[in-house]
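Engineer: Going by our numbering, the letters in the sequence shown line up with residues 22 to 110, in that order.
Don't be surprised by glycine CBs; every beta carbon is placed ideally from N, CA and C.
From a predicted model like this one, the values you see are computed outputs, not experimental measurements.
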Amino acid sequence: MRDYFNAKNYAHVQNVPELPSLIEVQLESFRWFLNEGLSELFDEINPIESFNGNLKLYFPGNIPEAEQFGLKYWFEEPKYSQEMCLERD
Numbered sequence: 022m023r024d025y026f027n028a029k030n031y032a033h034v035q036n037v038p039e040l041p042s043l044i045e046v047q048l049e050s051f052r053w054f055l056n057e058g059l060s061e062l063f064d065e066i067n068p069i070e071s072f073n074g075n076l077k078l079y080f081p082g083n084i085p086e087a088e089q090f091g092l093k094y095w096f097e098e099p100k101y102s103q104e105m106c107l108e109r110d
């Protein structure tokens, strides 16, 4: 039979690693998506072709056609403020 009263307790950790700022992790991820991720996504699906090959649809990205046709995307200020959205909810 084991001696449970002499068991060692490892629950108390002396050096607790510092946790990253979770808000900053989310903000950095969103910044990456806006600056790089969206372009990469557009590049993956460019171009969308019709079934007979007569039409092609291009999205802005890092492809030569995007520059050739002047395709760009941007983000404008939101139509409603954060407070207004919370009120409307």
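#1: Taking the alpha carbon of residue 69 as the point to measure from, which residue in 86, 100, 94 has its own alpha carbon closest?
#2: Step through the CB atoms of chain D and report whether any lies within less than 8 Å of the CB of residue 44.
#3: With which residues is residue 70 paired in a DSSP beta bridge?
#4: Is it buried or exposed for residue 72, if we count other Cβ within 10 angstroms and need 16 for buried?
#5: At the level of alpha carbons, what is the spacing between residue 101 and residue 110?
Structural biologist: According to the structure data:
#1: Here residue 69 refers to the residue found at position 48 of the sequence shown. Distance from the Cα of residue 69 is smallest, within the candidate group 86, 100, 94, for 86.
#2: The structure shown contains no chain D; it is built from a single protein chain.
#3: Translated into the one-based positions of the sequence shown, residue 70 becomes position 49. Paired residue(s): 77.
#4: Against the sequence shown, residue 72 aligns to sequence position 51. Counting the other CB atoms within 10 Å of its CB gives residue 72 a total below 16, which places it among the exposed residues.
#5: The count along the sequence shown starts at 1 and reaches residue 101 at position 80. The count along the sequence shown starts at 1 and reaches residue 110 at position 89. Their backbone Cα atoms lie some 12 Å apart in a straight line.
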